[in-house]
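Read in my numbering, the sequence shown has 120 at position 120, and its numbers run on one by one without any break.
From the three backbone atoms N, C-alpha and C, an ideal C-beta is built for every residue, glycine too.
On a predicted model such as this, the values are computed, not experimentally measured, just so you know.
Contents: one structure, followed by commentary.
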Amino acid sequence: RGHKMIIADYSAIEGVVLAWVSKDKTTLDLFRQGKDFYESNAISMGLYDGDRGPLKSVDPDLRQRVKVMSLGAQYRMGGQRLGDLVDDLELGKELVRLFRELNPAVVSLWSRLETRILEDSEGGKWRMPLPSGRSIRYENIHTKEGKYGEEIWCQTSKDRSVRPINGGLLVENLVQGIARDVLADALLKQDGNPLWSLLWTIHDEIVFESEAQVAETASAEIKKLMEEPPSWASDLPLRVEPEITNKFKK
Numbered sequence: 001r002g003h004k005m006i007i008a009d010y011s012a013i014e015g016v017v018l019a020w021v022s023k024d025k026t027t028l029d030l031f032r033q034g035k036d037f038y039e040s041n042a043i044s045m046g047l048y049d050g051d052r053g054p055l056k057s058v059d060p061d062l063r064q065r066v067k068v069m070s071l072g073a074q075y076r077m078g079g080q081r082l083g084d085l086v087d088d089l090e091l092g093k094e095l096v097r098l099f100r101e102l103n104p105a106v107v108s109l110w111s112r113l114e115t116r117i118l119e120d121s122e123g124g125k126w127r128m129p130l131p132s133g134r135s136i137r138y139e140n141i142h143t144k145e146g147k148y149g150e151e152i153w154c155q156t157s158k159d160r161s162v163r164p165i166n167g168g169l170l171v172e173n174l175v176q177g178i179a180r181d182v183l184a185d186a187l188l189k190q191d192g193n194p195l196w197s198l199l200w201t202i203h204d205e206i207v208f209e210s211e212a213q214v215a216e217t218a219s220a221e222i223k224k225l226m227e228e229p230p231s232w233a234s235d236l237p238l239r240v241e242p243e244i245t246n247k248f249k250k
């Protein structure tokens with residue numbers, strides 16, 4: 001009673017981070033101008049001209065396809081698995097083909113990270129550096145012959161089992177590691193502010209509690225702080241739309 005929840009999450013953070021890492025200037029500039037990220041991505045790939053209005057309204061099916069590509073194909077997901085997501089094998093294969101054809105910088109990043117984990121590793125160990133100064137550790141790195149040729153294998157940190165890894169998974173680790181550090185930076189900026197209390201985080205979302213009478217002011221300040229990029233990623237565009245509510249809805 002007398003309090004509100006403020007739920008704030010980053011818009012398309014993984015897609016934005018990948019566009020930043022792969023230097024996709026067109027997508028980032030359109031996103032900075034206020035366009036929806038998946039519309040920005042569609043325009044960048046030449047799938048939409050942007051002149052007919054918001055893609056979400058003009059062609060929601062195309063936006064959904066671009067979103068599926070962004071969340072799956074960007075991490076080297078194959079056509080069959082992507083087809084399972086969209087319940088259409090042929091569509092899945094076509095989305096994978098289209099993504100790889102129209103995003104050569106991402107495909108190149110897959111290859112570069114595969115090269116680095118092999119060439120830069122010492123004693124079967126490698127630390128992937130992150131812009132924040134942290135790193136992601138890989139151990140027991142080696143190669144073995146697989147179904148489609150030579151595969152890279154390494155030890156996971158969860159259960160210490162050895163599993164194959166490829167450029168798509170390395171990019172996924174890189175992107176999610178950076179996104180985690182963006183969230184951590186935002187948490188440090190928010191801590192101790194008298195306008196709110198930090199309750200919890202879920203993925204790219206931070207949940208706050210504020211007195212109802214200052215909730216609007218708190219929401220505006222939260223948005224400002226969360227959209228301020230970390231010092232180590234000063235040109236990373238971030239977008240947050242906080243929601244003021246009486247209860248957590250997810």
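Proximity to residue i [Cα-Cα], best of the options
{"i": "Val162", "options": "Val182, Glu139 and Lys249", "result": "Glu139"}
{"i": "Gly192", "options": "Thr27, Tyr75 and Ala218", "result": "Ala218"}
{"i": "Pro164", "options": "Trp200, Gly123, Glu114 and Val182", "result": "Glu114"}
{"i": "Gly168", "options": "Arg81, Val214 and Val106", "result": "Val106"}
{"i": "Val17", "options": "Leu98, Asn173 and Leu62", "result": "Asn173"}
{"i": "Pro242", "options": "Met226, Ala233, Ser231 and Trp200", "result": "Met226"}
{"i": "Gly34", "options": "Asp61, Gly46 and Ser11", "result": "Ser11"}
{"i": "Ser22", "options": "Gln74, Val58, Lys56 and Arg116", "result": "Gln74"}
{"i": "Leu170", "options": "Gln190, Gly146 and Ile136", "result": "Ile136"}
{"i": "Trp153", "options": "Leu130, Gly124, Asp181 and Asp159", "result": "Gly124"}
{"i": "Tyr251", "options": "Gln155, Asn166 and Arg160", "result": "Residue 251 falls outside the range modelled here, since the chain spans only 1 to 250, and no answer is possible."}
{"i": "Trp20", "options": "Val175, Ser57, Glu119 and Ser111", "result": "Val175"}
{"i": "Arg160", "options": "Ile141, Asp87, Leu95 and Glu150", "result": "Ile141"}
{"i": "Val240", "options": "Ser234, Pro229 and Arg1", "result": "Pro229"}
{"i": "Thr201", "options": "Gly46, Leu47 and Val182", "result": "Val182"}
{"i": "Leu109", "options": "Ala220, Asp24, Arg52 and Arg180", "result": "Asp24"}
Element boundaries [beta strand (DSSP E), containing residue i]
{"i": "Tyr38", "result": "Tyr38 -> not in any beta strand (DSSP E); alpha helix (DSSP H) instead, spanning Phe37 to Ser44."}
{"i": "Asp9", "result": "His3 to Asp9"}
{"i": "Asn140", "result": "Ser135 to Gly146"}
{"i": "Gln155", "result": "Gly149 to Gln155"}
{"i": "Leu170", "result": "Leu170 -> not in any beta strand (DSSP E); alpha helix (DSSP H) instead, spanning Gly167 to Gln190."}
{"i": "Leu199", "result": "Ser197 to Ile202"}
{"i": "Ser210", "result": "Glu205 to Glu211"}
Run of the alpha helix (DSSP H) containing residue i, from where it starts to where it stops
{"i": "Gly34", "result": "Run containing Gly34: none; DSSP gives neither H nor E here."}
{"i": "Lys247", "result": "Taken as a continuous stretch (DSSP letters only), Lys247 belongs to no alpha helix (DSSP H), as it is neither H nor E."}
{"i": "Ser219", "result": "Ala215 to Met226"}
{"i": "Met128", "result": "Run containing Met128: none in the alpha helix (DSSP H); it sits in the beta strand (DSSP E), Trp126 to Pro129."}
{"i": "Pro104", "result": "Pro104 to Glu119"}
{"i": "Trp20", "result": "Ile13 to Val21"}
{"i": "Ser57", "result": "Leu55 to Val58"}
{"i": "Asp84", "result": "Gly79 to Val86"}
Residue environment, residue i, which counts as buried when at least 16 other CB atoms sit within 10 Å
{"i": "Phe37", "result": "buried"}
{"i": "Gly133", "result": "exposed"}
{"i": "Gly177", "result": "buried"}
{"i": "Ala215", "result": "buried"}
{"i": "Ile117", "result": "buried"}
{"i": "Pro104", "result": "exposed"}
{"i": "Leu199", "result": "exposed"}
Contact belief for residue i with residue j at Cβ below 8 Å, rounded distance in angstroms
{"i": "Lys4", "j": "Ile206", "result": "Not confirmed; about 15 Å, so no contact."}
{"i": "Leu62", "j": "Gly72", "result": "Going by Cβ atoms, the distance from Leu62 to Gly72 rounds to 16 Å, so no, they are not a contact pair."}
{"i": "Ile222", "j": "Ile6", "result": "6 Å"}
{"i": "Gly79", "j": "Val58", "result": "Actually they do not touch by this definition, with Cβ atoms about 27 Å apart."}
{"i": "Pro129", "j": "Trp232", "result": "Incorrect: roughly 11 Å between the Cβ atoms, too far for contact."}
{"i": "Glu150", "j": "Thr143", "result": "5 Å"}
Is the region 185-204 touching the region 82-97 in the sense that three or more CB pairs, one from each, lie closer than 8 Å? For the pair of segments examined, the region 82-97 was found not to touch the region 185-204: the number of CB pairs separated by less than 8 Å stays below three.
Flag this pair as touching only if the region 61-71 and the region 29-43 have three or more C-beta atom pairs under 8 Å; answer yes or no. yes
Using a Cβ distance threshold of 8 Å, determine whether the region 194-212 contacts the region 28-35, with at least three qualifying pairs required. Too few Cβ pairs lie closer than 8 Å, so no.
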